[in-house]
Amino acid sequence: MDSFKAFRVKQDEDGMVQKGFDTLRKEDLPEGEVVVKVAYSSINYKDALATQENSGVIREFPAVLGIDLSGTVVESSVPSFKEGDEVLAFGFQLGVGHSGGYSEYARVPADWLTALPTGLSLKEAMVFGTAGFTAAQSMHALQHAGVTPESGDILVTGATGGVGSITIAILSKLGYSVVAATRQLDEAGDYLRKLGASSLIHPDEILLDKPRPLAKRRWAGAVENLGGDFVPAILSQINPNGAVALIGNVTGHRFKGTVLPFILRGVQLLGINSVEVSSQLRTELWKLLGGEWKPEQLDELVYEEVPLDTVESALETVLNGGHRQGRYVVKVK
Ligand SMILES: NC(=O)c1ccc[n+]([C@@H]2O[C@H](COP(=O)([O-])OP(=O)(O)OC[C@H]3O[C@@H](n4cnc5c(N)ncnc54)[C@H](OP(=O)(O)O)[C@@H]3O)[C@@H](O)[C@H]2O)c1
C-alpha cells in the first residue's frame with residue numbers, strides 16, 4: 001500500500017469546490033485503529049450533494065467521499081478486529097469529515113466498524129449500504145411501535161429511491177401490505193411490484209386539496225422519505241395508534257401540522273437517524289439484513305455497478321435526476 005487512489009473534493013483558493021482523483025499515501029489517511037482495504041462503496045444522495053458548492057455536507061476539506069464502505073482489514077491495533085476480517089462501515093463522520101469509501105484504503109475508528117454479517121457478501125453489504133441500514137432502522141422502529149402485518153397497509157414514499165426500494169422489499173418479505181408512492185407510476189410499476197409493493201399511488205394523492213388535521217384513515221404505518229408537506233398530510237391519514245418512521249427531506253425540511261393526530265389518534269412519529277447508532281443496534285440490524293430480512297430480490301435493487309474510476313459521472317447522474325430507481329454500487333477493488 002505505498003500509494004493508492006481516492007476520489008476527493010477540495011476547495012481552491014477562491015473557496016470553490018473542485019473534485020477528482022488523487023494519489024494518497026497511508027500517512028494521508030486520518031486517525032483510526034483499523035485500516036481497511038475497501039472492496040465496495042455505494043452512492044447515496046448525500047454523496048452526490050457533497051460534490052456541490054455550499055452543500056453543508058462536508059465538515060472539512062479536502063475530503064475523500066463515500067459515506068459507506070465494505071472491505072477487508074489489513075491492519076488493526078485493537079483486539080476486536082484482526083487482519084483478514086471482513087467488515088463494513090457507514091455513518092458517523094465517514095465520507096463527510098473523515099476519509100470515506102471512494103478510496104482503495106480507509107483508516108477508521110474501530111467503533112465505526114461492524115463485522116460483515118453471515119449471509120452477506122461484501123458487495124451485498126453495499127447493495128444495502130446506508131440506505132439499506134436506514135430502511136432496516138425504520139422497519140425496526142415500526143415493529144417496536146406495534147405495527148404488524150395485520151394492522152393494515154403501510155405507505156412508503158420516495159418508493160423508487162434507495163431507502164424506499166429496500167424498505168418495500170423488507171416489508172413485503174415480512175408479510176406487510178405495501179402501498180408505494182412514486183411519481184413514476186408507469187416506468188417503475190414492474191420494478192416496485194417485483195420488490196413486493198401491493199399497489200402504487202402518485203405522491204400527489206397524499207397531499208390533500210384542503211389539508212385537514214385529521215383526514216380519512218388510510219395507513220397503519222408509513223415510511224416517509226419526502227419531508228415538507230408530506231409529513232402533516234401523512235400524519236393526518238394514519239390509523240389510530242399507527243406510526244410514521246420519518247427519514248428524509250427530499251421535498252423540504254419544514255412542515256406545519258397540528259397535535260391532533262398525536263392526541264386524538266395516538267399516532268407516533270418516529271425519527272430515524274442512521275448516522276449515530278449504537279454498536280449493539282448496528283450489529284442486530286445487519287444480522288437481520290443478512291438473515292430473515294434479506295430480500296430474495298436483492299439483485300433487482302442494483303441500478304448499476306460502477307468502477308471507482310467512473311464514480312464522478314455516476315454522482316452527476318444522481319444529482320441531475322438521471323438515476324431512476326434502486327442503488328448504485330461502487331466497485332473499488
Ligand atoms: N435519516 C437518515 O439517517 C437518512 C439516511 C439515508 C437517507 N436519508 C434521506 O432519505 C431520503 C431518501 O434517501 P434515498 O437515498 O432513498 O434517496 P433517493 O435514492 O434520491 O430517492 C428519493 C426518491 O424520492 C422521490 N422524489 C425525488 N424528488 C421528488 C419530488 N420532488 N417529489 C416527490 N418525490 C420525489 C423519487 O422517487 P419516485 O421517482 O419514485 O417518486 C426518488 O427516487 C433523502 O432525503 C435522504 O437524504 C436519511
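The sequence shown begins at 1 in the working numbering and counts up one residue at a time.
Glycine included, each C-beta is placed from N, C-alpha and C at the ideal position.
- Sequence-distant Cβ neighbours of V34 in its own chain, meaning closer than 8 Å and more than five residues away, are V73, E75, S76, S77, V78, F81, V87, R107, V108, P109, A110 and L113.
- In this structure, V57 keeps its C-beta atom at 7 Å or more from the C-beta atom of V17.
- DSSP places Q280 in the uninterrupted alpha helix (DSSP H) bounded by S279 to G290.
- Apart from the 5 residues on each side of it in sequence, A220 sits with its Cβ closer than 7 Å to the Cβ of V147, S151, G152, D153, I154, N239 and G242 in its chain, given in chain order.
- For T258, the Cβ stays outside the 6 Å cut-off from all heavy atoms of ligand 1.
- Taking a contact to require three or more Cβ pairs closer than 8 Å, the segment 179–198 and the segment 159–171 qualify as touching.
- Counting the other Cβ atoms within 10 Å of the Cβ of H253 gives fewer than 16, which makes it exposed.
- Each residue's CA atom was taken as its position, placing F4 and E27 some 11 Å apart.
- For T23, the beta-bridge partners assigned by DSSP are K5.
- Excluding its 5 nearest sequence neighbours in each direction, L49 has C-beta neighbours in its own chain below 8 Å: S55, V57 and L319, listed in chain order.
- For R327, the enclosing beta strand (DSSP E) stretches over residues R327 to K331.
- By the Cβ criterion, the segment 221–228 is in contact with the segment 246–266, since at least three pairs of Cβ atoms, one from each stretch, lie closer than 8 Å.
- For Q93, the CB stays at least 6 Å from every heavy atom of ligand 1.
- Of the residues L235, A141 and G129, the one whose Cα lies closest to the Cα of I206 is L235.
- Its Cα nearest to that of Q268, the residue V259 stands out among S165, G321 and V259.
- The continuous alpha helix (DSSP H) containing K46 extends over residues Y45 to L49.
- Given a length threshold of 3 residues, each whole run of the beta strand (DSSP E) inside the segment 234–315 is given here in chain order: 238–246, 268–271 and 302–307.
- Taking 7 Å as the cut-off, the Cβ atoms of V156 and I166 do not count as close.
- F61 and Q11 have their alpha carbons spaced roughly 6 Å apart.
- Take the alpha-carbon of L270 and the one of L195: they are about 24 Å apart.
- With a threshold of 16 other beta carbon atoms within 10 Å, I43 meets it and is buried.
- Bounds of the beta strand (DSSP E) holding S76 are D68 to S76.
- In this structure, S41 sits away from D22, with a CB-CB distance that is not shorter than 7 Å.
- Assigned with DSSP and collapsed to three states, K194 falls in helix.
- Per the coordinates, the alpha-carbon of A314 lies some 26 Å from the alpha-carbon of P203.
- Burial is judged here by how many other beta carbons sit within 10 angstroms of a residue's own beta carbon; P149 has fewer than 16 and is exposed.
- Classified as buried, R8 has 16 or more neighbouring CB atoms from the shown chains inside 10 Å of its CB.
- With contacts defined as CB atoms closer than 7 Å, K37 and Y105 qualify as a contacting pair.
- Rounded to whole angstroms, the Cβ separation of V329 and E305 is 5 Å, and the two are in contact under 8 Å.
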